[in-house]
Amino acid sequence: MDDASPPRTLRIPKSQVCIIKHPGAGNVCLTVLQNSYLEEWLPYKSRYLSVLLDMKALPNVMACFVCKAEGAPYRCMDCVHHPLSCKTCCIKQHKFRPFHWVQKWNERFFEDFTLWLVGLVLHLGHTRAPCLAGEGSWEDAASHVDEEWEDIEASQQLAHLNPLNDRNYLTVVDTGSVHFCNVEYCNCPGSEDSHLQLTMASLFPTTTKAPRMAFTFQVLDDFIRDNVACGTSAMNYYSKFQRVTSSAFPHLVPNRYRELLRVSRMWRLLKLLKWQGFHQQLPDPWASELVLFCPACAQPGINVLDQDINLSESIFYSLLQRHC
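If you count the sequence shown from 1, you need to add 1 to reach the working numbering.
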């Protein structure tokens with residue numbers, strides 16, 4: 002297109018255009034109304050609904066998308082296109098995605114399932130590879146069970162919400178929902194404690210002895226954003242996870258509201274220490290030392306020249322620095 006030629010314009014019906022005038026500027030802005038986009042989509046409404054219903058039905062070919070084996074019963078609801086897979090391929094594909102939700106075909110419909118029921122094991126300490134040292138001694142879980150926990154009786158639980166009463170089963174809260182994982186820790190000589198192995202896997206344990214629950218780093222960051230930007234309380238935030246995990250029976254999902262409150266406080270403290278450069282070799286911070294740096298306040302040698310500082314106003318500068 003020649004530079005001198007006029008720009009190409011798009012003709013839009015006047016009924017679909019909103020004219021916005023900026024007072025004092027003399028500019029006029031043409032904005033397409035949202036109703037026009039709705040009218041454009043309405044002819045495809047039935048087709049969209051058909052796609053949603055087709056996703057609930059059994060595919061024409063029940064074959065694993067990896068090995069092409071027939072009769073693949075599992076499909077992942079978090080993977081693109083919800084691919085079908087056999088047991089072996091499902092475990093292999095989710096080795097580094099252990100917090101995806103899967104469903105299983107029960108000859109009538111796809112029912113909610115979990116990866117730990119499929120057979121996925123979360124290995125720690127060897128980049129998700131099994132520990133060659135085998136299963137070693139673990140902290141006495143019976144003596145360190147959190148007394149605050151008030152779980153539903155096992156007889157009332159659904160299969161995918163009722164993990165085995167085993168020390169290796171871990172409750173994990175991720176940004177999607179509440180998960181149960183079969184965890185195997187590293188038992189090599191000199192290996193870290195179980196709670197530190199979880200932390201190295203980006204899982205924040207709720208206890209330092211015999212941890213039975215953890216929050217992912219992502220969900221802790223997400224809670225802080227929701228709390229600050231949306232004013233979401235911890236109770237409402239965790240209630241959402243109960244509803245997402247089981248929309249029909251949210252009361253069967255373990256209530257870990259108090260654990261979220263406690264862990265989020267520790268997470269905020271760790272982030273402040275990291276941002277301010279504190280580490281284990283440094284002494285504990287003084288009062289107000291963890292407050293974030295304020296670029297607008299007077300900082301001698303940073304945003305205020307030394308020759309511009311009036312010694313008679315030293316108290317003024319100290320007050321500014323103290324309150325920032």
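The beta carbon of each residue, even a glycine, is placed where N, CA and C say it ideally should be.
Query: Bridge partners of residue 214, per DSSP?; Result: 172
Query: Among 262, 255, 130, which has the Cα closest to the Cα of residue 202?; Result: 130
Query: Alpha carbon to alpha carbon, how far is residue 75 from residue 85? Give it in angstroms, no decimals.; Result: 5 Å
Query: Can you name, in chain order, every residue of its own chain whose Cβ lies under 6 Å from the Cβ of residue 140, other than the five neighbours on each side?; Result: Note that residue 140 has pLDDT 47, beneath the 50 cutoff, so the model's placement of it is unreliable and the number below is only indicative. Excluding residues within five positions, the ones whose Cβ falls inside 6 Å are 210, 211.
Query: Does residue 185 come out as helix, strand or coil in the three-state DSSP assignment?; Result: strand
Query: Taking the C-alpha atoms as reference points, what is the distance between residue 303 and residue 197?; Result: 39 Å
Query: Expressed to the nearest angstrom, what Euclidean distance is found between the alpha-carbon atoms of residue 219 and residue 172?; Result: 15 Å
Query: Rounded to the nearest angstrom, what separates residue 184 and residue 260 at their Cα positions?; Result: 20 Å
Query: Do you know whose CA, among 111, 187, 194, lies nearest residue 59's CA?; Result: 111
Query: Since residue 207 contacts residue 264 with CB under 8 Å, what's their CB separation in whole angstroms?; Result: 6 Å
Query: Give me whichever residues DSSP pairs with residue 106 in a beta bridge.; Result: 111
Query: Note down, in chain order, each residue of its chain lying with its Cβ closer than 8 Å to the Cβ of residue 89, except the 5 sequence neighbours on either side.; Result: 68
Query: What residue range does the alpha helix (DSSP H) around residue 75 cover?; Result: Note, residue 75: premise wrong, no alpha helix (DSSP H); beta strand (DSSP E) at 75 to 77.
Query: Among the candidates 77, 214, 120, whose CA atom is the shortest distance from the CA of residue 66?; Result: 77
Query: Exposed or buried, what is residue 138 when buried is set at 16 or more other beta-carbons lying within 10 Å of its beta-carbon?; Result: For residue 138, the predicted model reports a pLDDT of 47, less than 50, meaning its position is unreliable and no value from the coordinates is stated.
Query: Check each candidate in 72, 181, 233 and name the one with the smallest Cα separation from residue 108.; Result: 72
Query: Using 9 Å as the threshold, is the C-beta distance between residue 132 and residue 170 below it?; Result: no
Query: Return helix, strand or coil for residue 123, following the three-state DSSP convention.; Result: strand
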